[in-house]
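The sequence shown begins at 17 in our numbering and counts up one residue at a time. Quick reminder that beta carbons are idealized off the backbone N, C-alpha and C, glycines included. Computed from a predicted structure; not experimentally measured. Have a look at the structure below before the remarks.
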Amino acid sequence: MAINDTVGFWLLIVFLIPSIICSIFDLYHFVFDRKLRQALYNHSVIVIIFFCLIFECTDILWLIHNYSTGHPLSSTKTFCFIWHFTDHIGFLLISIIVAWASVERHILIFHDKWLLRGRRFFIHYLPLIILISYSLLFYIIAFFVFAWEHIFNYSEIQCGYNDYLFRPQILAVWDSVVNTIVPAAIIVSFNAALIFRILYQKHQLNQKIKWRNYRKMAVQMLSISSIYFCLYFVPMILYTAYSLGLSRIFAHDYYDTSLYLFYFIIILLPFICAVSLPELRAKLCILIQKRQQRIQHMNVPQLPIAIRKNVHRSVAVGPIHEC
Numbered sequence: 017m018a019i020n021d022t023v024g025f026w027l028l029i030v031f032l033i034p035s036i037i038c039s040i041f042d043l044y045h046f047v048f049d050r051k052l053r054q055a056l057y058n059h060s061v062i063v064i065i066f067f068c069l070i071f072e073c074t075d076i077l078w079l080i081h082n083y084s085t086g087h088p089l090s091s092t093k094t095f096c097f098i099w100h101f102t103d104h105i106g107f108l109l110i111s112i113i114v115a116w117a118s119v120e121r122h123i124l125i126f127h128d129k130w131l132l133r134g135r136r137f138f139i140h141y142l143p144l145i146i147l148i149s150y151s152l153l154f155y156i157i158a159f160f161v162f163a164w165e166h167i168f169n170y171s172e173i174q175c176g177y178n179d180y181l182f183r184p185q186i187l188a189v190w191d192s193v194v195n196t197i198v199p200a201a202i203i204v205s206f207n208a209a210l211i212f213r214i215l216y217q218k219h220q221l222n223q224k225i226k227w228r229n230y231r232k233m234a235v236q237m238l239s240i241s242s243i244y245f246c247l248y249f250v251p252m253i254l255y256t257a258y259s260l261g262l263s264r265i266f267a268h269d270y271y272d273t274s275l276y277l278f279y280f281i282i283i284l285l286p287f288i289c290a291v292s293l294p295e296l297r298a299k300l301c302i303l304i305q306k307r308q309q310r311i312q313h314m315n316v317p318q319l320p321i322a323i324r325k326n327v328h329r330s331v332a333v334g335p336i337h338e339c
């Protein structure tokens with residue numbers, strides 16, 4: 017069953033605002049905290065959160081407006097084309113970088129010597145540059161060279177979103193296989209392999225790997241990959257099957273609902289990044305506790321001065337609970 021416009025609007029608006037705040041919180045600490053900024057395993061995450069924030073402030077806000085008013089922000093062919101372009105490239109950029117981060121975790125944990133100064137650029141930075149460049153170049157060519165004949169329907173969500181936007185069949189198949197199912201397969205398979213390798217080296221080989229150093233990297237990536245496995249993998253298999261000729265009647269309702277749920281991958285990623293890293297989780301807990309203490313101080317009744325001092329003293333020295 018397709019998502020009702022009212023339900024779709026409220027679900028997005030309720031989760032989007034905290035997600036944007038959390039994205040800004042994550043980026044601020046990743047950029048200005050030297051320890052977090054210099055950790056190689058955080059670089060891919062910084063890029064992911066950056067693109068998530070851009071996607072939330074454009075594509076998802078436009079979708080919320082569409083659900084609220086029943087028509088796009090601008091009922092023009094140019095805007096709808098930009099919207100489709102942003103939607104496609106946003107999902108590809110984020111999913112392909114998550115896929116690369118899943119591969120890179122194996123290097124960071126089990127082959128860290130590969131990342132010595134002489135090789136670091138080629139193994140760590142160059143793949144990110146190539147993947148971002150590929151994503152931009154592919155959809156610029158696909159949209160602005162081949163897809164201008166598409167007719168939009170301004171009375172439908174996302175101007176009549178159409179998976180068969182690309183005219184050449186080979187381009188549609190490439191987009192569905194290489195840009196969608198391959199990243200999903202890499203995310204699932206490489207993170208499953210990461211769990212196996214960690215358990216194998218820890219128990220079968222009796223090797224005392226530096227688990228405290230590697231735990232953050234493993235937990236962070238496994239947390240991110242879990243949401244992709246739940247909301248991304250199966251719909252992408254259907255997307256590929258549709259591109260290869262499977263009738264859209266098959267699992268139509270499930271697929272339409274899954275397209276909506278894709279947006280929650282983007283919305284939930286900042287929260288997952290915040291709670292999966294101990295440093296960010298601690299900063300977030302402190303922020304929440306300060307907020308709670310401020311509310312408690314505001315709710316203290318106006319008592320006589322002597323009694324009020326004792327109340328404030330007891331609040332100030334009270335225990336701070338861990339999150």
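Endpoints, the alpha helix (DSSP H) within which residue i is located
{"i": "W99", "result": "K93 to F126"}
{"i": "T74", "result": "Segment: none, T74 is in no alpha helix (DSSP H) and carries neither H nor E."}
{"i": "I145", "result": "L142 to F160"}
{"i": "N207", "result": "V198 to L215"}
{"i": "S192", "result": "Q185 to S192"}
{"i": "L52", "result": "R50 to Q54"}
{"i": "G86", "result": "G86 -> no alpha helix (DSSP H), and no H or E assigned at all."}
{"i": "G176", "result": "Run containing G176: none; DSSP gives neither H nor E here."}
For residue i, the three-state DSSP class (helix, strand or coil)
{"i": "L284", "result": "helix"}
{"i": "S263", "result": "coil"}
{"i": "G334", "result": "Only weak support is given to the placement of G334: the predicted model assigns it a pLDDT of 47, under 50, and the question is left unresolved by the model."}
{"i": "I167", "result": "coil"}
{"i": "L32", "result": "helix"}
{"i": "L293", "result": "coil"}
{"i": "I19", "result": "coil"}
{"i": "V47", "result": "helix"}
{"i": "Y57", "result": "helix"}
{"i": "Y270", "result": "helix"}
{"i": "L132", "result": "coil"}
{"i": "Y248", "result": "coil"}
{"i": "W26", "result": "helix"}
Beta-carbon proximity of residue i to residue j, cut-off 8 Å
{"i": "M233", "j": "I125", "result": "yes"}
{"i": "H140", "j": "L210", "result": "no"}
{"i": "L153", "j": "I105", "result": "no"}
{"i": "Y244", "j": "A200", "result": "yes"}
{"i": "I113", "j": "I62", "result": "no"}
{"i": "L187", "j": "F162", "result": "yes"}
{"i": "V189", "j": "L260", "result": "yes"}
{"i": "L77", "j": "Q174", "result": "no"}
{"i": "P286", "j": "S39", "result": "yes"}
{"i": "Y83", "j": "G176", "result": "no"}
{"i": "F280", "j": "L247", "result": "yes"}
{"i": "S192", "j": "Y255", "result": "yes"}
{"i": "L109", "j": "I145", "result": "no"}
{"i": "F107", "j": "F278", "result": "yes"}
{"i": "Y150", "j": "P88", "result": "no"}
{"i": "F159", "j": "F101", "result": "yes"}
{"i": "L293", "j": "Q236", "result": "yes"}
Query raised in the report: Would you call the region 20-39 and the region 262-274 in contact, with 3 or more CB pairs under 8 Å?
Result: no
**Report entry** Segment contact, 8 Å Cβ cut-off, at least three pairs: the region 88-101 with the region 36-49
**Finding:** no
Requested in this report: Tell me, please, whether the region 66-76 touches the region 34-43 by the rule of three or more beta-carbon pairs shorter than 8 Å.
Outcome: yes
Query - Cβ contact check for the region 114-123 and the region 233-241: 3 or more pairs under 8 Å - result: yes
Query raised in the report: How about the region 72-79 and the region 244-263: do they share at least three Cβ pairs that are nearer than 8 Å?
Result: no
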